[in-house]
Amino acid sequence: MTGDKRSYVIGQTEMSARPLEPALYLVATPIGNLADITLRALETLAAADIVACEDTRVSRVLLDRYGIRRRTTAYHEHNAGEAGPKLIAALLAGQSVALISDAGTPLISDPGYRLVGEALDQGIRVVPIPGPSAPLAALTASGLPSDAFLFAGFLPVKTGQRLTRLEALKTVPATLIFFESPRRLAETLSAMVEALGGARKAAIGRELTKTFEEMRTGTLQSLADHYAAADTPKGEIVICVGPSEAAADEPEDIDRLLLSLAAEMPASKAAAEAARMTGGQKQALYRRLLELKDAGQNGEIGKEGDTGKDGDG
Numbered sequence: 001m002t003g004d005k006r007s008y009v010i011g012q013t014e015m016s017a018r019p020l021e022p023a024l025y026l027v028a029t030p031i032g033n034l035a036d037i038t039l040r041a042l043e044t045l046a047a048a049d050i051v052a053c054e055d056t057r058v059s060r061v062l063l064d065r066y067g068i069r070r071r072t073t074a075y076h077e078h079n080a081g082e083a084g085p086k087l088i089a090a091l092l093a094g095q096s097v098a099l100i101s102d103a104g105t106p107l108i109s110d111p112g113y114r115l116v117g118e119a120l121d122q123g124i125r126v127v128p129i130p131g132p133s134a135p136l137a138a139l140t141a142s143g144l145p146s147d148a149f150l151f152a153g154f155l156p157v158k159t160g161q162r163l164t165r166l167e168a169l170k171t172v173p174a175t176l177i178f179f180e181s182p183r184r185l186a187e188t189l190s191a192m193v194e195a196l197g198g199a200r201k202a203a204i205g206r207e208l209t210k211t212f213e214e215m216r217t218g219t220l221q222s223l224a225d226h227y228a229a230a231d232t233p234k235g236e237i238v239i240c241v242g243p244s245e246a247a248a249d250e251p252e253d254i255d256r257l258l259l260s261l262a263a264e265m266p267a268s269k270a271a272a273e274a275a276r277m278t279g280g281q282k283q284a285l286y287r288r289l290l291e292l293k294d295a296g297q298n299g300e301i302g303k304e305g306d307t308g309k310d311g312d313g
C-alpha cells in the first residue's frame with residue numbers, strides 16, 4: 001500500500017528510510033522555503049508510523065514535495081484532549097510518532113508541550129529533530145544582541161493586558177522576541193513605544209525565508225511611525241526588541257538627565273520621559289529624582305509645576 005511506503009525523494013532520487021525506534025519525534029519543518037528541511041527530518045517523516053500535524057492540509061504540501069506517503073493525523077489546540085491520548089496509546093503500543101507544526105519547530109506557540117509532557121510521564125522517549133525556527137532566524141538577522149534572548153510569543157490582544165505584559169518584560173536584560181499578526185503590528189509597536197520606550201533598537205522580520213522576505217531595523221519609534229503610515233503588511237511577522245541600555249548608562253548620566261528634564265516639567269512627567277528615553281523603570285527614576293531633590297542638587301527641582309530655575313545668575 002502507498003501509505004506503507006517508507007521512502008522520500010530528493011530531486012529524482014528515491015531514498016529508503018531506515019526503521020525508527022518507538023519514540024515521539026519532534027520534527028522541525030521549513031518556515032517558508034521548503035528547501036530548508038533537513039535530511040534527518042525527511043528520513044524521520046518517511047519512516048514514522050504516524051505523522052501528527054497541526055494542519056494535515058498544510059503538512060501535505062511538504063510531504064508531497066518530497067514524495068513521502070505516510071499516515072497523517074491532526075493534533076492541534078482544538079483536538080489535543082482527544083487526539084493526545086490516541087497518540088500516547090500508539091506510542092505505548094510500540095509505534096513511532098513524528099510531531100510537526102505548520103512551520104518551524106514544534107512546541108513553539110503550539111500545544112505540543114502537552115503531548116511531550118504526557119509522553120515523558122509514561123516513560124516514552126522523546127527525540128528532537130532540530131531545524132528551522134522563526135524566532136532564531138529573525139534574531140540572527142536583526143543585528144541585536146544574541147547572547148541572551150527571551151521568546152515571549154504572542155502578546156495579549158486587549159490593550160490593557162498587552163501593556164501590562166510589556167511592563168513586566170521591560171527590565172529583562174535580553175533581546176525580546178515576539179510573534180504578531182500583520183493587522184495588529186502597528187498597534188503593538190505603538191504599545192511597545194509606550195511601555196518600553198521609543199529609543200530601543202528593534203527589528204521586524206516578515207516572510208522570512210520566502211520570496212518577499214524583509215528585515216526592517218531601527219528604533220521602536222521609527223518602526224512604529226513607519227507601520228502606522230504604511231499599508232497593513234502581509235505575511236508572518238516576528239518582532240525583535242533589543243534590551244534596555246539604561247543599565248549601561250553611568251548613574252551620573254541618569255542623574256543629569258533627570259535634573260535636566262525636571263527643570264522643564266513636573267517630577268512625575270520627568271521620570272516618565274526619562275523612562276521612555278532610557279528604557280528604565282518610571283517608578284525607580286521617580287524615586288531617584290526625589291532623592292536628588294532632597295539632596296538639594298541643582299537648587300529647587302522636582303516640584304510639581306515648578307521649573308526649578310534660579311534665574312540667570
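Position 169, counted from 1, in the sequence shown is what full-length UniProt numbering calls 169; the numbers after and before it change by one each time, with no gaps.
Glycine residues also receive a C-beta, built at the ideal position from the N, C-alpha and C atoms.
Start and end residues, beta strand (DSSP E) containing residue i
i	result
K201	201-206
P128	126-129
V97	97-100
V238	237-241
S109	Note, S109: premise wrong, no beta strand (DSSP E); not H, not E.
A152	149-154
V58	No beta strand (DSSP E) holds V58; the alpha helix (DSSP H) holding it covers 56-65.
residue 346	For the chain, the structure presents residues 1 to 313; residue 346 sits outside this window and is missing.
T72	72-74
residue 379	The requested residue 379 does not occur in the structure, where the chain is confined to residues 1 to 313.
Nonlocal neighbours in the same chain, by C-beta distance under 6 Å from residue i, ignoring five residues either side
i	result
S133	G104, T105
P130	A28
L257	A274
E213	E207
V116	V126
R288	none
S268	none
A199	T219, M277
T232	P182, R183
A247	Note that A247 scores 47 on pLDDT, short of 50, meaning its location in the model is unreliable; the coordinates nonetheless yield the value given after this. Correct list: empty, nothing qualifies.
Cβ shell of residue i (< 7 Å), same chain only, five flanking positions each side left out
i	result
A83	T73, A74, Y75
T164	none
A152	L169, L176, I177, F178
P19	A47
L120	V126
A272	K282
P145	T175, G242, P243
T171	S244, Q281
S109	G153, F154, F179
E118	G84, I88
P128	L26
Top-ranked residue by Cα proximity to residue i, from the options
i	options	result
L259	A295, D231, Q281	A295
K234	S181, D4, Q161	S181
V126	E54, I50, L91, E187	L91
V157	A191, P135, P145	A191
T211	G11, R6, I10, G32	G32
R37	T209, Q283, D253	At residue 37 the sequence reads Ile, which differs from the Arg that was named. The residue with the shortest Cα to Cα distance from I37 is T209.
P243	G197, D255, A263	G197
L261	Q281, V238, Y286	Y286
I124	R71, A263, L87, H226	L87
L99	C53, L155, A284	C53
I50	V58, P30, H78, A89	A89
R71	A80, S59, H78, I254	S59
E236	R183, R114, L107	R183
L136	L63, L189, G205	G205
R162	L189, L150, T140	L189
A228	V193, A23, M265	V193
R6	Q12, E252, L63	L63
P266	L290, Q122, L107	L290
D255	A230, L107, A284, P85	A284
C240	D4, A23, A230, T217	T217
Assumed close pair residue i, residue j - CB separation to whole angstroms, cut-off 8 Å
i	j	result
R39	R65	The amino acid at residue 39 is misidentified as Arg; the sequence shows Leu. About 14 Å separates the two Cβ atoms, so there is no contact after all.
S96	Y25	7 Å
A148	P173	6 Å
A93	V238	About 39 Å; that fails the 8 Å criterion.
E167	A195	5 Å
A203	M215	6 Å
A80	R114	6 Å
Check: residue i C-beta below 7 Å from any heavy atom of the ligand PLP
i	result
P130	Questions concerning the ligand PLP fall outside what the structure shown contains, since it holds no ligand whatsoever.
Cβ-based neighbour list, residue i, same chain, cut-off 8 Å, excluding 5 preceding and 5 following
i	result
Y8	E14, M15, A17, L42, E43, L45, A46, Y66, G67, I68
D55	A74, H76, D102
Q122	I88, L91, L92
Boundaries of the alpha helix (DSSP H) in which residue i is found, first to last residue
i	result
M215	Note, M215: premise wrong, no alpha helix (DSSP H); beta strand (DSSP E) at 214-219.
T140	134-142
G160	159-169
G84	80-92
M192	185-196
A41	39-47
Y286	282-294
The segment 222-231 contacting the segment 36-47, beta-carbon criterion three pairs below 8 Å: no
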